[in-house]
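Residue numbering for the sequence shown follows the numbering used here, starting at 60 and increasing by one per position.
By construction, the Cβ of each residue, glycine as well, lies at the ideal position given by its N, Cα and C atoms.
It should be emphasised that the depicted structure is a prediction, and the values quoted were computed from it without experimental measurement.
Report on the following structure.
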Amino acid sequence: MSRVLGVIPARIGSFRLPRKPLQPLLGKPLVVWVWERARSMDFLDRVVVATDSNEVAEACRQAGAEVLLTSRSHPSGTDRVHEVAARLNAGFDVVLNIQGDEPLVQAGALRAAVSMVQDGFEVGTCATPIRSQRELEDPSVVKVVRTLAGSALYFSRAPIPHRYGPAPEGREPGRDGHLRHVGVYAYEPDALERWVRFGRSRLETEEGLEQLRALENGMRIGVAVLEEAAHGVDTPEDLARLERRLRMGNVTANTTQGATATE
């Protein structure tokens, strides 16, 4: 049985949504929503919030969370997760990066990412089908293409794969197998160590996507495809939309909904 460490990186600075971890959702900080859901998942042996902010740390501690203050200089969430894993040095088999801006994070997505590592990939993550043209063309929606064996080939903010020539008549967006990346990562501990040692890569900098650092350096990222999964809150509009849906009862607080994975 793998021992799994869950780390929730919560950086106070955000360009599109200032002070994102502390933004209230139904009166509770976003990051506290994430921690409460993660701590309820029985396959996580330990859950730690990693933050560069005393204010975020205090809000999380008041909720009962274990918190570690980390460096302010980390270029990505993975670097912050690595600091926590290195400081704890507690012999975990898998380290799980749980995005601090996904208040409805589901157990199925986290389990699927962990299973990719258990199946032999160095890193595991998830994706869901893209179902609209708007979603396909939105640069804030990260797309991924993968091999027949489930390894990531590339991640991009651009629509990939790009269709050469017209689509078949009547073909709806999303029917061509376009996939939206779900920002959860599970790492084999040695792979996490190597990822951080590589330093920022050219493609990572070009696209603003940290996972390209791993791909550019030849690491194998397994991508589990889910029918649906919760996605992050990136903008004030995302936050307002989610709060409206919660108030109307259009989304559930069940941590397991949307957990079906396909190969």
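Let's see if you can read the secondary structure: which residues bound the beta strand (DSSP E) around residue i?
{"i": "S215", "result": "211 to 215"}
{"i": "P68", "result": "63 to 69"}
{"i": "V146", "result": "The question names Val, but residue 146 is Arg in the sequence shown. Premise fails: R146 lies in the alpha helix (DSSP H), 136 to 147, not in any beta strand (DSSP E)."}
{"i": "L155", "result": "153 to 156"}
Hey, does residue i have any beta-carbon neighbour from chain D nearer than 7 Å?
{"i": "R78", "result": "Checking the listed chains, one finds no chain D in this structure; it contains a single protein chain."}
Contact check, residue i vs residue j under 8 Å by CB: the rounded distance?
{"i": "L155", "j": "G65", "result": "5 Å"}
{"i": "A69", "j": "P80", "result": "4 Å"}
{"i": "I67", "j": "I157", "result": "5 Å"}
{"i": "H240", "j": "T184", "result": "7 Å"}
{"i": "V140", "j": "A186", "result": "Rounded, the Cβ-Cβ distance is 20 Å, inconsistent with contact."}
{"i": "P88", "j": "A116", "result": "12 Å between Cβ atoms; not a contact."}
{"i": "G159", "j": "V243", "result": "Their Cβ separation, rounded to whole angstroms, is 11 Å, which puts G159 and V243 out of contact at 8 Å."}
{"i": "A144", "j": "L305", "result": "The pair is not a contact, with the Cβ atoms about 32 Å apart (cut-off 8 Å)."}
{"i": "R216", "j": "P198", "result": "4 Å"}
{"i": "R75", "j": "T294", "result": "5 Å"}
{"i": "S132", "j": "E142", "result": "Wrong, their Cβ atoms sit about 10 Å apart, outside the cutoff."}
{"i": "L298", "j": "Q82", "result": "6 Å"}
{"i": "D138", "j": "V255", "result": "6 Å"}
{"i": "L19", "j": "R146", "result": "Residue 19 lies beyond the stretch modelled for the chain, which goes from 60 to 322, so this question has no answer here."}
{"i": "G291", "j": "E161", "result": "5 Å"}
{"i": "I71", "j": "S135", "result": "Actually they do not touch by this definition, with Cβ atoms about 15 Å apart."}
In the DSSP output, what is residue i paired with across the bridge?
{"i": "R239", "result": "T187, K202"}
{"i": "V126", "result": "V108"}
{"i": "Y244", "result": "N156"}
{"i": "A283", "result": "C185"}
Output needed for residue i: all residues of its chain with C-beta closer than 6 Å, excluding positions within five of it in sequence on either side, in chain order.
{"i": "A320", "result": "Because the pLDDT of A320 is 43, which lies under 50, any placement of that residue in the model is unreliable, and the question is left without a value."}
{"i": "R98", "result": "V106"}
{"i": "D152", "result": "S61, R62"}
{"i": "Y246", "result": "V154, V182"}
{"i": "E322", "result": "Legend: pLDDT at E322 = 40, less than 50; position of this residue unreliable, value from coordinates given subsequently. Cβ neighbours of E322 beyond the five flanking positions: none."}
{"i": "A149", "result": "none"}
{"i": "V176", "result": "V153, G183, A245, E247"}
{"i": "D104", "result": "R62, V63"}
Start and end of the alpha helix (DSSP H) containing residue i?
{"i": "T264", "result": "261 to 266"}
{"i": "L89", "result": "89 to 98"}
{"i": "G86", "result": "No alpha helix (DSSP H) contains G86, which DSSP labels as neither H nor E."}
{"i": "A273", "result": "270 to 275"}
{"i": "P80", "result": "Where P80 is concerned, there is no enclosing alpha helix (DSSP H), given that its DSSP letter is neither H nor E."}
{"i": "A172", "result": "166 to 177"}
{"i": "R300", "result": "295 to 307"}
{"i": "E194", "result": "192 to 196"}
Once the 5 residues before and after residue i are set aside, which same chain residues still bring their CB inside 8 Å of it?
{"i": "R261", "result": "E275"}
{"i": "S210", "result": "F180, R279, I280, G281, V282"}
{"i": "P218", "result": "L195, E196, K202, H237"}
{"i": "E266", "result": "F214, S215, R216"}
Using a Cβ-Cβ cutoff of less than 7 Å, which residues in the same chain neighbour residue i once the five nearest sequence positions on both sides are dropped?
{"i": "L212", "result": "V204, R205, T206"}
{"i": "S73", "result": "K79"}
Under 6 Å: does the beta carbon of residue i sit that close to some heavy atom of the ligand FAD?
{"i": "A109", "result": "Absence of the ligand FAD from the depicted structure is noted, as is the absence of any ligand whatsoever, leaving it without description."}
### Query
Does the region 282 to 299 come within contact of the region 263 to 274, defined as at least 3 CB pairs closer than 8 Å?
Contact annotation: the region 282 to 299 does not touch the region 263 to 274, with fewer than three C-beta pairs closer than 8 Å.
### Message
Check whether the region 86 to 97 and the region 109 to 123 touch, using three or more Cβ-Cβ pairs below 8 Å as the test.
### Response
Pairwise C-beta distances place the region 86 to 97 in contact with the region 109 to 123, as three or more of them are shorter than 8 Å.
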